[in-house]
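Per the working numbering, residue 36 is the first one in the sequence shown, and the count goes up by one each step.
Built from N, CA and C at the ideal position, the CB exists for glycine as well.
Fair warning: this is a prediction, and the values are worked out from it, not measured in the lab.
Just below is one structure, and these are the notes that go with it.
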Amino acid sequence: MFGERRPSCRHCGGDVLIAVEGVDQSGKQTQVEALAQHLRERHQRVETLEFPVYTTPIGQEIRAALASERSFPPDVLQLLFVANRGELRPQIEAWLADGAHVICDRYVASSVAYGEAQGLDPRWLRDIQRFLPRPGLTVLLDITPSVAALRKQRGRDRFEADLALLERVRESYLRQAREGKWITVDASQKKEEVALAVRAALAPPGSLDPWIPGSLDPLIP
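Here's what the structure looks like:
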């Protein structure tokens, strides 16, 4: 399952791919930046990515679809999202091979959540992404869509404006979190409190210091 803490992380020199997931306006970008800064202050090399990446040819198609300028069936749209991640796969793999930690704002679980919410088979949504690097850790920023919507009342894209869809997205995320042993954090708190909760959840057992990727092993069953 995506986001499961896996022993293979021990073999990559302490580097790890972290996915931060959640419905729209759950605070993913803010928390990715906060975690990256926290780790850099502790002399860790960190790279970040925000998906979708709109600067690529496929990303431009996704942008048009979210703005309702292009129309794609749900399965085709999710294939575009997956292909967009595939465009960045060489970069992610290069960063990891070079000893960096990579934090992604949305990753493979996003397609499962949004695709499943639109009636697609979650098994198919997982299968089409098996070529992508697996996240070693997944953090779910959990918030109800009605509360999240208050954070952005104008300029919403087609997904952000559909609260019923986002409720189903949240249900999928929560199911994946249970099955994948993710770290789930209440994202309705103030951003500073969420950042502290993320770091506390990632701390090794008995540690007084927030988590540092060099201490990843205690987190792996």
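Measure the C-alpha to C-alpha separation of residue i and residue j and round it to an integer number of angstroms.
i    : j    : result
Y142 : L185 : 24 Å
G190 : Q72  : Because G190 sits at a pLDDT of 49, beneath the cut-off of 50, its placement in the model cannot be relied upon, and the following sentence gives the value as read from the coordinates. G190 and Q72: Cα-Cα distance of roughly 29 Å.
Q79  : E227 : 21 Å
I163 : S146 : 10 Å
Y89  : L101 : 11 Å
E258 : A196 : This structure does not reach residue 258, given that the chain is present from 36 up to 256, and the question cannot be answered.
V220 : D59  : 15 Å
A222 : L52  : 21 Å
A236 : L198 : 29 Å
L107 : R98  : Looking at the sequence shown, residue 107 is not Leu but Phe. Each residue's alpha carbon lies about 12 Å from the other.
R169 : W130 : 14 Å
T179 : K63  : 14 Å
A232 : T173 : 14 Å
V81  : L201 : 30 Å
V137 : F194 : 26 Å
K216 : E104 : 38 Å
D177 : S61  : 7 Å
A54  : G171 : 8 Å
A218 : R77  : Inspection of the sequence shows that residue 218 is occupied by Ile rather than by Ala. I218 and R77: Cα-Cα distance of roughly 22 Å.
R257 : L209 : The structure shown does not extend to residue 257, since the chain is modelled only from 36 to 256, so the question has no answer here.
V229 : A238 : 14 Å
V117 : L70  : 25 Å
D140 : Q126 : 15 Å
On the criterion of 16 or more Cβ atoms from any shown chain inside 10 Å, does residue i qualify as buried, or is it exposed?
i    : result
L175 : buried
Q66  : buried
G38  : Bear in mind that a pLDDT of 44 at G38, under 50, signals an unreliable position, so the number given afterwards is only what the model happens to contain. The residue in question, G38, is buried, as its Cβ has 16 or more Cβ neighbours within 10 Å.
G96  : Position check: residue 96 holds Glu in this sequence, whereas Gly was assumed. E96 comes out buried.
Q3   : Residue 3 falls outside the range modelled here, since the chain spans only 36 to 256, and no answer is possible.
A158 : The sequence shown places Arg at residue 158, not Ala. With fewer than 16 other Cβ atoms within 10 Å, it is exposed.
K225 : exposed
E56  : buried
V182 : exposed
R75  : exposed
G134 : exposed
G165 : Inspection of the sequence shows that residue 165 is occupied by Arg rather than by Gly. The residue in question, R165, is exposed, as its Cβ has fewer than 16 Cβ neighbours within 10 Å.
When you compare each of the options to residue i by their alpha carbons, which one comes out closest?
i    : options                   : result
N119 : V111, E128 and T91        : T91
E214 : A230, A144 and P125       : A144
D50  : A148, A132, P157 and R158 : A132
Y149 : A183, P109, A232 and K216 : P109
Rounded C-beta distance between residue i and residue j? I'm assuming under 8 Å.
i    : j    : result
L160 : R124 : Incorrect: roughly 17 Å between the Cβ atoms, too far for contact.
E122 : I93  : 6 Å
If we cut at 9 Å on Cβ distances, does residue i have a partner in chain D?
i    : result
P125 : In summary, chain D is missing from the structure at hand, where a single protein chain is found.
Decide yes or no for the touch test of the region 199–208 against the region 75–90: beta carbon pairs closer than 8 Å, at least 3 of them. Because the criterion of three Cβ pairs below 8 Å is not met, the region 199–208 and the region 75–90 do not touch.
Would the region 104–121 and the region 151–161 be scored as touching if the rule is three or more Cβ pairs under 8 Å? Inter-segment contact for the region 104–121 and the region 151–161 is present: three or more beta-carbon pairs are separated by less than 8 Å.
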